[in-house]
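Residue numbers (the working numbering), protein chains in the order written: chain A, 1 to 203; chain V, 1001 to 1173. For glycine and all other residues, C-beta sits at the position ideal for the given N, C-alpha and C. Data block below; observations after.
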Ligand SMILES: [Zn+2]
């Protein structure tokens, strides 16, 4: 993490009017923006367009950033809002989410039933687990998680934000972030143990 | 079974590595319970995938497009700013003399210049200075400053000085 002083200096340099100084900021925060785009936006053209929009918004609003939060949280919030506005405009967001959400409730119930069955001796694993299969299975399951779940696990696991910081970025209460985090990881674990035999996974 | 199996909360707390009160209980239970050990390995596989850095969603060199867009916007802004200052100067430059001409006896004196002689010109200058002297000190300062400002910016606009020549010129003063 960058220290507060060097961040202040960087912002001063950018505001002094040299666009090339902005390159430094882009390089420091492109991973964060990329993670959010990666999990929220599936189309590559949209990602390109939004990445530009996000950084130009950051540049234009830099004057109003007064260190009321960490710079990374502030940038995360701009990226989050830009993506959500975009999805709303495309009318994908609410629609998809609602459906995904309900699916998840059902899936969760089904998974529980499956697990119950799995304990009976008649159960046979449908596939022999191998590392790359397990890995791609989990990643596919991540992709079908509800959008808020995907965002929370990304900000938590890839960008090491705290629950409080994620709640600031996403504009939801900390309790919501906690429950999204808990439920998404439990769902992924449940799907994995339903798909593969537990003993195999131990190897 | 002398202890309950671990809950999902406990597995997650344990793997998140956050300080938990019951951490030794969790470890104790894991030693003795194969079922929970398998659950833990499943969780570990999930965590492993969640922590893997994905391929970048950004094209290589995407920042060049951003920088050039910022540059273009700044240039447009500068262009408009220049346009506005020029307009302001033209307005100032034309209204100030008009203001002087139409106030007091200066317009009368102008007639003298065209119609008459050297005396007329002398009168005009006396009236201009008389006009300024007639104002209070602060207005006088403001008006003089405005005149100087307009003259200087006009000189700067009209003469095609390059940057370093302009700097050399100002060094002389
Ligand atoms: Zn157990």
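Exercise. Would you call residue 1166(V) buried or exposed, if buried means 16 or more other Cβ atoms sit within 10 Å of its Cβ?
Worked result: Its pLDDT being 47, under 50, residue 1166(V) is placed unreliably by the model, and the measurement read from it follows with that caveat. The residue is exposed, with fewer than 16 neighbouring Cβ atoms inside 10 Å.
Problem set entry | Span separating the alpha-carbon of residue 1078(V) from that of residue 57(A) | 19 Å
Exercise. Taking 6 Å as the cut-off, is the CB of residue 7(A) close to at least one heavy atom of ligand 1?
Worked result: no
Exercise. Can you list the residues of chain V that residue 193(A) reaches, using a CB-CB cut of under 9 Å?
Worked result: 1038, 1039, 1042
Exercise. Around the C-beta of residue 204(A), are 16 or more other C-beta atoms found within 10 angstroms, so that it is buried, or is it exposed?
Worked result: Given that chain A is displayed from residue 1 to residue 203, the structure contains no residue 204(A) and the question cannot be resolved.
For this session: Scan the segment 1070-1089 of chain V for residues whose Cβ lies nearer than 9 Å to a Cβ of chain A and list them as they occur along the chain.
Result: 1070, 1071, 1073, 1074
Exercise. Which residues have their C-beta within less than 6 Å of a heavy atom of ligand 1, listed in chain order?
Worked result: 1005(V), 1006(V), 1029(V), 1033(V), 1035(V), 1036(V)
Problem set entry | Buried versus exposed call for residue 1060(V) [16 or more other C-beta atoms within 10 Å across all chains shown] | exposed
For this session: Take every Cβ of the segment 23-30 of chain A, pair it with every Cβ of the segment 1047-1063 of chain V, and state whether three or more of those distances are shorter than 8 Å.
Result: yes
Problem set entry | Start-end ranges of the alpha helix (DSSP H) lying completely within the segment 39-100 of chain A, minimum 4 residues | 44-61, 71-89
Exercise. Taking the alpha-carbon positions, what's the residue 1153(V) to residue 1142(V) distance?
Worked result: 16 Å
Exercise. Within 10 angstroms of its Cβ, does residue 12(A) collect 16 or more other Cβ (buried), or is it exposed?
Worked result: exposed
Problem set entry | Sequence-distant residues of the same chain with beta carbon closer than 6 Å to residue 149(A), five excluded per side | 180, 184
Exercise. What number of angstroms, rounded off, separates the C-alpha of residue 1006(V) from the C-alpha of residue 1036(V)?
Worked result: 7 Å
Problem set entry | alpha helix (DSSP H) runs wholly inside the segment 131-164 of chain A, at least 4 long, in chain order | 131-143, 147-157
Exercise. Are any of the Cβ atoms in chain V nearer than 7 Å to that of residue 138(A)?
Worked result: yes
For this session: Output the distance between the C-alpha atoms of residue 134(A) and residue 192(A), rounded to the nearest integer angstrom.
Result: 8 Å
Exercise. How would you call residue 1074(V), buried or exposed, if buried means at least 16 neighbouring beta carbons within 10 angstroms?
Worked result: exposed
Exercise. Within this structure, are the beta carbons of residue 178(A) and residue 1042(V) separated by less than 7 Å?
Worked result: no
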